[in-house]
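Trainee: When you read off a place in the sequence shown, starting at 1, and then add 1324, the result is the number in our numbering. Ideal Cβ positions, reconstructed from N, Cα and C, are used throughout, including at glycine.
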Amino acid sequence: MSREGSNPKGVPIPKRIKTKWTIFAAILAVIVSVIFIVFSKNYFRSILRPCVSLLCNGCLVVLEEPFSESDEEQQNAEVFEERDRIQVKPRKHFLSLPVAKQRIRTLSGTIPPIGYSPIWGGPTMCLKCLEFFDLPKEADSYAKHLIDRHRIVIADIDLIVDLKKYIEHWRHRFGETDIAKCFPLVIPTASDELFGKVESFYLLSAAVAEDRQLREQLAVSRLEEVIACQQRERSDYTFCRKCLFCHYVVRGNRAKFIHHLYLIHRLNLGSPDNLVFVSEYIDILSEKINNNECLKCEAVLSSHRELMEHMRIQGHREVNPHNLLYDKFYVINYLELGKKWQEVLAEDFEDSMQTFADSDEDSQGDTWMDWIEHDNESVPNLVCLFCSGAFSQLAPMLEHLKAEHHYDMFNFFEKEELNFYQRVKFVNYVRRMVYERKCFICGKVDIGTREALRKHFVDMGSGHMEKMPPREWWDKDE
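#1: Report all residues from its chain with a CB closer than 8 angstroms to the CB of residue 1758; omit the five preceding and five following residues, and keep chain order.
#2: For residue 1556, which of 1571, 1569, 1578 has the nearest alpha-carbon?
#3: For the beta strand (DSSP E) containing residue 1573, name the first residue and the last one.
#4: Contact between the region 1789-1801 and the region 1735-1749: three or more CB pairs below 8 angstroms?
#5: In angstroms with no decimal places, state the Cα-to-Cα distance between residue 1670 and residue 1593.
#6: Could you spell out where the beta strand (DSSP E) holding residue 1526 opens and where it closes?
#7: So who's on the other strand from residue 1654, going by DSSP bridges?
#8: Near residue 1482, what residues of its chain come up, given a Cβ to Cβ distance below 8 angstroms and the 5 sequence neighbours on each side ignored?
#9: Using only the alpha-carbon positions, how far apart do residue 1543 and residue 1582 sit?
#10: Under three-state DSSP, which class holds residue 1455?
#11: Over what stretch of residues does the alpha helix (DSSP H) that includes residue 1553 continue unbroken?
#12: Please tell me whether residue 1546 and residue 1602 are closer than 7 angstroms, where the distance is taken between their beta carbons.
#13: Could you check what DSSP says for residue 1511 in three-state terms: helix, strand or coil?
#14: Determine which residues share a DSSP beta bridge with residue 1307 and list them.
#15: Whose C-alpha, out of 1459, 1470, 1438, 1460, is nearest the C-alpha of residue 1453?
#16: Under three-state DSSP, which class holds residue 1723?
#17: With DSSP collapsed to three states, give me the class of residue 1432.
#18: When the Cα atoms are used, what is the spatial distance from residue 1732 to residue 1797?
#19: What's the C-alpha gap between residue 1760 and residue 1742?
#20: Residue range of the alpha helix (DSSP H) that residue 1782 falls in?
#21: Determine, using beta carbons only, whether residue 1644 and residue 1611 come nearer to each other than 7 angstroms.
#22: Just list the residues that DSSP pairs residue 1566 with in beta bridges.
#23: Just the C-alpha distance for residue 1712 and residue 1658, rounded to the nearest angstrom, thanks.
#24: Quick one: what's residue 1617 bridged to in DSSP?
#25: Please report how far the alpha carbon of residue 1554 lies from the alpha carbon of residue 1600, in whole angstroms.
#26: What are the boundary residues of the alpha helix (DSSP H) that includes residue 1503?
#27: Can you give me the Cβ contacts of residue 1475 inside the same chain, cut-off strictly under 6 angstroms, excluding the 5 residues immediately before and after it?
#28: According to the neighbour-count rule (16 or more other Cβ atoms, all chains shown, within 10 Å of its Cβ), is residue 1460 buried or exposed?
#29: Report all residues from its chain with a CB closer than 6 angstroms to the CB of residue 1591; omit the five preceding and five following residues, and keep chain order.
#30: Please state whether the Cβ-Cβ distance between residue 1616 and residue 1625 is less than 7 angstroms.
#31: What is the DSSP secondary structure of residue 1479, counted as helix, strand or coil?
#32: For residue 1627, count neighbouring C-beta atoms within 10 Å of its own C-beta (all shown protein chains included) and say buried if the count is 16 or more, exposed if not.
#33: Closer than 8 angstroms by C-beta to residue 1467: which residues in its own chain qualify, once you throw out the five before and the five after it? Chain order, please.
#34: DSSP three-state label for residue 1519, please.
#35: If you compare alpha carbons, which of 1589, 1564, 1441 is closest to residue 1653?
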């Protein structure tokens, strides 16, 4: 009997496959699988894509191009509803991008962080050709392109709220209707700027009813977007930021930060009710101050201390009214075309906040500078409340008050448990009373000079300076 194998019943056992042939077969199978996957890659994608979509919760929208919502694209879109799923067919050469249906869409197509503006505008195709311009940044070059290449002039192009949407609308319209049927052909006269440059041009202006309605509609849409952003800022109480000039940290609402800048440092940015994108505004001002740049005249100083001294002496306590960079932060610019924020800067601020007034330029200067604590490099002079003594640090000045004038101001603060704003109010109350030659403790008013006032303090004895003035004299809205 052969040894190759048989069972007890005499049935022959087949030979086993050798090990090397087993390995070869396995390798061959792997190679065939890889080739199959490579050549069927697109097939697998077509199967996996809807599977992945079904795994996502909520409704999905497939956009042709990110953040593009022109009227033309909306009209050409074919919408299919399938239970909780919406899908828009993209054109062949566009990228499909799934976006959650619940996402809030703005006019610009972006959702900015609270306190910051959306990204408005972007690359826009010309009305009459395939050339692109980044609008509104390149509005000037685009206006030149229109007159040089297409003999078209857009009237008041700087006042168009959303130039990108405006161009997209008329590009779609000119694809259906000749421009000559929409706008008049103008022949320039000798008084026109274009006289001698072009023989004629088409003028896109609000004199045409459709153009005027489009401009008004864009303005209303932008205003609604700005008001929505402003409302988000008002209802947000997670704001926390250090003051631009001192170490005080403002927590809560952004309006509190604006009030602090005016109450303590006399920096007038206008009413918080008229401001929007406040966090972005503060970022710009902070960068300028860090670069030692004056906010009003925009002069660059050599150090932070010189900058603070310059702003105090020159009275530069507002931003440059001629810098168009600040226009976007004032709601008035979205309400009335042609009316700028600087026209209402002073008229509406006092009614929206609790304020106190200084009596003279010196008092304002002291409020602005003398009670700010900076690092050692940028500490300004601290002026005594009762005399002309000046100090570089707070501690020596407090010792001077106790030694020369027998007045312990911090002891008063601790007894009354005054907060930051109350302390500032009290300091300004004392300065105002001293300037008016009145006793801030007893209220005596028939004192002629500052020397007579100091004599009054001495004559009344040290016990007089230990008394506390009535709280209603200084802790009030003036």
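Mentor: With the structure as the only source:
#1: 1709, 1710, 1764, 1774, 1777
#2: 1578
#3: Residues 1573-1576.
#4: yes
#5: With a pLDDT of 47 at residue 1670, under the threshold of 50, the modelled position of that residue is not reliable, and no figure is offered here.
#6: 1525-1528
#7: 1599
#8: 1463
#9: If you draw a straight line from the Cα of residue 1543 to the Cα of residue 1582, it comes to about 27 angstroms.
#10: coil
#11: 1533-1558
#12: no
#13: coil
#14: Because the chain in this structure spans residues 1325 to 1802, residue 1307 falls outside the shown range and cannot be described.
#15: 1470
#16: helix
#17: Confidence at residue 1432 is low in this model, with a pLDDT of 47, below 50, so the placement of that residue is unreliable and no value is reported for it.
#18: 19 angstroms
#19: Whole-angstrom Cα-Cα distance: 25 angstroms.
#20: 1774-1783
#21: no
#22: For residue 1566, the pairing in a beta bridge is given by DSSP as 1573.
#23: Between the alpha carbons of residue 1712 and residue 1658 lies a gap of roughly 48 angstroms.
#24: 1624
#25: 5 angstroms
#26: No alpha helix (DSSP H) holds residue 1503; DSSP gives it neither H nor E.
#27: 1522, 1525
#28: buried
#29: 1585, 1641
#30: yes
#31: Coil at residue 1479, not helix or strand.
#32: Sixteen is the threshold: since fewer than 16 other Cβ atoms of the shown chains lie within 10 Å of the Cβ of residue 1627, the residue is exposed.
#33: 1477, 1478, 1481
#34: coil
#35: 1441
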